[in-house]
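A short worksheet on the structure shown next.
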Amino acid sequence: EAGVAQSPRYKIIEKRQSVAFWCNPISGHATLYWYQQILGQGPKLLIQFQNNGVVDDSQLPKDRFSAERLKGVDSTLKIQPAKLEDSAVYLCASSSPPGLAFYEQYFGPGTRLTVT
Amino acid sequence: AQRVTQPEKLLSVFKGAPVELKCNYSYSGSPELFWYVQYSRQRLQLLLRHISRESIKGFTADLNKGETSFHLKKPFAQEEDSAMYYCALSTYSSASKIIFGSGTRLSIRP
Chain A
310 EAGVAQSPRY KIIEKRQSVA FWCNPISGHA TLYWYQQILG QGPKLLIQFQ
360 NNGVVDDSQL PKDRFSAERL KGVDSTLKIQ PAKLEDSAVY LCASSSPPGL
410 AFYEQYFGPG TRLTVT
Chain B
3 AQRVTQPEKL LSVFKGAPVE LKCNYSYSGS PELFWYVQYS RQRLQLLLRH
53 ISRESIKGFT ADLNKGETSF HLKKPFAQEE DSAMYYCALS TYSSASKIIF
103 GSGTRLSIRP
């Protein structure tokens, strides 16, 4: 099966600019996650979708970050305006349909964002 | 709150030597624990999970509830084991959500 797709792979922007990332999960996976991974740290969950509904966005900085999954398939994550501390790898992951316990998450290649 | 701690940022061992990557967790209930691995230029992927009681690529991990640990072990390291390893935790009340540790980079010397 095809894996989780993400684009772009790399992005360099100046602070206060905006940026958007795109993710296409594995076909049939209802749950989609966006993570932020700062250098030297583990992935931190930003937002979790179940189909097109938000399950958890408690760690999403909502003053500047937004995400949507309008049709329950692919998703976009936006940062506006970006700050220097947003420099990180943004990972998208998807997991098996509901009904299975302790979902294995399948990760995309990530987008490396550098804010200058 | 749930927390996963990996005390070693870097672990370097010789090929053929035993490997133990440490992981401690903080959670008052019964957790489910995982090890994820990221090889160079590859995606983060699941290595093994406690619930499956499996051995993958020679690695095993035992959940010790008394010590709240889930250390990853391999008796004889191979060069292809060099990678970044993340311990992760999930709970029965939130089975789809995973909390990751900060990771340990394992380097196998020839």
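Residue numbers (the numbering used here), protein chains in the order written: chain A, 310 to 425; chain B, 3 to 112.
Even for Gly, the Cβ is constructed at its ideal location relative to N, Cα and C.
Work out the CA separation of Q4 (chain B) and P20 (chain B) for me, nearest whole Å. Taking the first residue of the second sequence as 1, we reach residue 20 (chain B) at position 18. Taking the first residue of the second sequence as 1, we reach residue 4 (chain B) at position 2. Approximately 30 Å, taken between the alpha carbons.
Is the shortest distance between the beta-carbon of P418 (chain A) and the beta-carbons of chain B less than 8 Å? The residue given as residue 418 (chain A) occupies position 109 in the first sequence. A Cβ of chain B is located within less than 8 Å of the beta carbon of P418 (chain A).
DSSP beta-bridge partners for K353 (chain A)? Here the question's residue 353 (chain A) lines up with position 44 in the first sequence. Per DSSP, A:Q345.
Could you name the residues of chain A that I58 (chain B) contacts, counting a contact when the two beta carbons are closer than 8 Å? Numbered from its first residue, the second sequence carries residue 58 (chain B) at position 56. Neighbours of I58 (chain B) on chain A: none; closest Cβ ~12 Å, over 8 Å.
Nearest-angstrom Cα distance between R378 (chain A) and S384 (chain A)? As a first step, residue 378 (chain A) is located in the first sequence; it is residue number 69 there, counting from the start. As a first step, residue 384 (chain A) is located in the first sequence; it is residue number 75 there, counting from the start. Spanning the two alpha carbons is a distance of roughly 4 Å.
Check the C-beta distance from Y41 (chain B) over to T70 (chain B) and give it rounded, since I have them as a contact under 8 Å. Stepping through the second sequence from its first residue, residue 41 (chain B) is reached at position 39. Stepping through the second sequence from its first residue, residue 70 (chain B) is reached at position 68. In fact, because the Cβ distance is near 28 Å, the residues do not count as touching under 8 Å.
Measure the C-alpha to C-alpha separation of K2 (chain B) and H73 (chain B) and round it to an integer number of angstroms. Since the first residue of chain B shown is 3 and the last is 112, residue 2 (chain B) is not available in this structure.
Measuring alpha carbon to alpha carbon, tell me which residue in B:A90, B:S30 and B:F61 is nearest G68 (chain B). In the second sequence, counting from the first residue as 1, residue 68 (chain B) sits at position 66. Among B:A90, B:S30 and B:F61, the Cα nearest to that of G68 (chain B) belongs to B:S30.
Assigned exposure category for E34 (chain B) - 16 Cβ within 10 Å defines buried: As a first step, residue 34 (chain B) is located in the second sequence; it is residue number 32 there, counting from the start. Classification of E34 (chain B): buried, given that the 10 Å Cβ count is 16 or more.
Just to confirm, are L386 (chain A) and A339 (chain A) a CB contact at a threshold of 8 Å? Locating residue 386 (chain A) in the first sequence gives position 77, where the first residue counts as 1. Locating residue 339 (chain A) in the first sequence gives position 30, where the first residue counts as 1. Contact flag unset, no.
Would you mind working out which of B:Q80, B:L50 and B:S32 sits nearest N66 (chain B), comparing C-alpha positions? Locating residue 66 (chain B) in the second sequence gives position 64, counting from the first residue. Distances from the CA of N66 (chain B) to each of B:Q80, B:L50 and B:S32 were compared; the closest alpha carbon is that of B:S32.
DSSP on D383 (chain A), reduced to helix/strand/coil? As a working note, residue 383 (chain A) is residue 74 in the first sequence. Of the three classes helix, strand and coil, the one that applies to D383 (chain A) here is coil, per DSSP.
Entirely enclosed beta strand (DSSP E) segments - the stretch 50-96 of chain B, minimum 3 residues: The qualifying runs are 62-66, 71-76 and 85-93.
Along the beta strand (DSSP E) that carries K320 (chain A), what are the first and last residues, could you check? By 1-based counting over the first sequence, the position of residue 320 (chain A) is 11. Element bounds for K320 (chain A): Y319 to I322.
Does chain A have any CB closer than 8 Å to the CB of F61 (chain B)? By 1-based counting over the second sequence, the position of residue 61 (chain B) is 59. Cβ-Cβ to chain A under 8 Å: no for F61 (chain B).
In the DSSP assignment, find the beta strand (DSSP E) that holds I110 (chain B) and state where it starts and stops. The count along the second sequence starts at 1 and reaches residue 110 (chain B) at position 108. For I110 (chain B), the enclosing beta strand (DSSP E) starts and ends at T106 to R111.
From this set, A:S375, A:S396, A:S404 and A:G362, which residue's C-alpha is nearest W331 (chain A)'s C-alpha? Sequence index remark: in the first sequence, residue 331 (chain A) carries index 22 (1-based). Measuring from the Cα of W331 (chain A), the nearest candidate turns out to be A:S375.
Going by the DSSP bridge assignment, what does L35 (chain B) pair with across the sheet? Counted from its first residue, the second sequence places residue 35 (chain B) at position 33. Partner(s): B:L91.
Roughly how far, in whole angstroms, is the beta-carbon of S327 (chain A) from the beta-carbon of A391 (chain A), given that I think they are within contact range, below 8 Å? Mapped onto the first sequence, residue 327 (chain A) falls at position 18. Mapped onto the first sequence, residue 391 (chain A) falls at position 82. With 8 Å as the limit, S327 (chain A) and A391 (chain A) qualify as a contact, their Cβ atoms being about 7 Å apart.
Would you kindly work out how many angstroms separate the C-alpha atoms of G60 (chain B) and K371 (chain A), rounded to a whole number? Taking the second sequence and counting its residues from 1, one reaches residue 60 (chain B) at position 58. Taking the first sequence and counting its residues from 1, one reaches residue 371 (chain A) at position 62. When rounded, the distance between both Cα atoms is 43 Å.
Does any residue of chain A bring its CB to less than 8 Å from the CB of Q1 (chain B)? The structure shown does not extend to residue 1 (chain B), since chain B spans only 3 to 112, so no value can be given for it.
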